[in-house]
Structures are given as structure tokens and as C-alpha cells.
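Numbering (the working numbering), first residue to last: 252 to 422.
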């Protein structure tokens, strides 16, 4: 027995109403599967929330979060202090002598043992000085020459030039 509604649908669309019923049933099955998946995910989420809140009520959890926020603020202030100190240390470091070159030599032929030396000390911008200490039988003599941007206004001896080049080549 055909229903008048089903006959009307068939006449109006030309498609058998059984296909419509099949599509509706299929859609219902898909929706049931989606509901089951959502319920499973909700159950997992509920377990995670319960584990997170285990042994804590809303008030104690709020206090704990506030405690952590205070700790973060203290750490942030400390971090800012350390950044300022690092900047000061960087400025100081630029002025310190970081590069060194040293050449030992015999100043006189009758002396041996390389007791004389030329020592170059330079900062990051290659400013500094060269100390040349000459050892002789009569005594020891020291000379200092200023270095500005890797250059000296006074003529350098061969040993002083070597010490300066050694210092300039240090990174």
C-alpha cells in the first residue's frame, strides 16, 4: 500500500521515496557516530580537569595561581636588573684590554736568554699601549708607546711591530 504522501513525492520529484528514507537513515547514523565521538572527548576532557583540580577547590587554585603570578613578577624584575647589569658589564668590557701580543728577544748580542720583551695590550677598538722592556748588563729600561685605533704615532721597533700585529690578530 502506498501512502498518498509518498505518491505525491514520487510524482513531484520523480525519485523513489525509499532513497529519501535511506538518506535520512544514513544521516541519522552519521549524527549518532558524531555524538558518540563528542561524548568520548568530553569524558577525556572531564578526566583531565578532575586530575588538574584534584584535591583543590576553586579558592586554593586561585591562591596558587596568584602565588605563581607573584613569582613571575619577581623573576621579571630580577631579569630586568640582570639586563641592566649586563649592559654595564658590556660597556666596561669594551674598555678592558682584551688583546695581547708579546715578543721576547735579545736586545744586545752579548746578552742571551731573550730577557727583553715587547708587550702590546689593546682593547676591543684596538686602543692601548706597547711596553718595551730592554734588558742590559747595566740595568733594565722600559718604554711605553700609546696605540690609538691600531696605530702608533711614534716609530715602532721590529719587535714592537710584531707584538702589535699579534695583538691585532687576536679576536
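Heads up, the beta-carbon is just placed ideally off N, CA and C, and yes, glycines get one too. Nothing here was measured: the structure is a model prediction, and the numbers come from that model.
If one requires a minimum length of 3 residues, the beta strand (DSSP E) runs lying completely within the segment 368–401 are 379–387 and 390–398, in chain order.
Here residue 348 carries a coil assignment [DSSP, helix/strand/coil].
Here DSSP, grouped into helix, strand and coil, assigns residue 355 to strand. Here residue 420 carries a helix assignment [DSSP, helix/strand/coil]. The DSSP-derived three-state label of residue 404 is coil. Between residue 400 and residue 377, the gap from beta carbon to beta carbon is short of 7 Å.
Apart from sequence neighbours up to five positions away, the residues of its chain that approach residue 354 with a beta-carbon distance below 6 Å are 369, 410, 413 and 414, ordered along the chain.
Non-local C-beta neighbours of residue 408 in its own chain, meaning closer than 6 Å and more than five positions away in sequence, are absent.
Judged by their CB atoms, residue 418 and residue 385 are not nearer to each other than the 7 Å cut-off.
Taking the Cβ atoms as the reference, residue 383 lies roughly 11 Å from residue 391, outside the contact range of under 8 Å. DSSP, reduced to helix, strand and coil, places residue 318 within a helical segment of the structure shown. For residue 266, no alpha helix (DSSP H) segment is defined, and its DSSP state is neither H nor E.
Residue burial annotation: residue 288 is exposed, with fewer than 16 other C-beta atoms found within 10 angstroms of its C-beta. A residue is called buried once 16 or more other Cβ atoms fall within 10 Å of its Cβ, and residue 371 is buried on that count.
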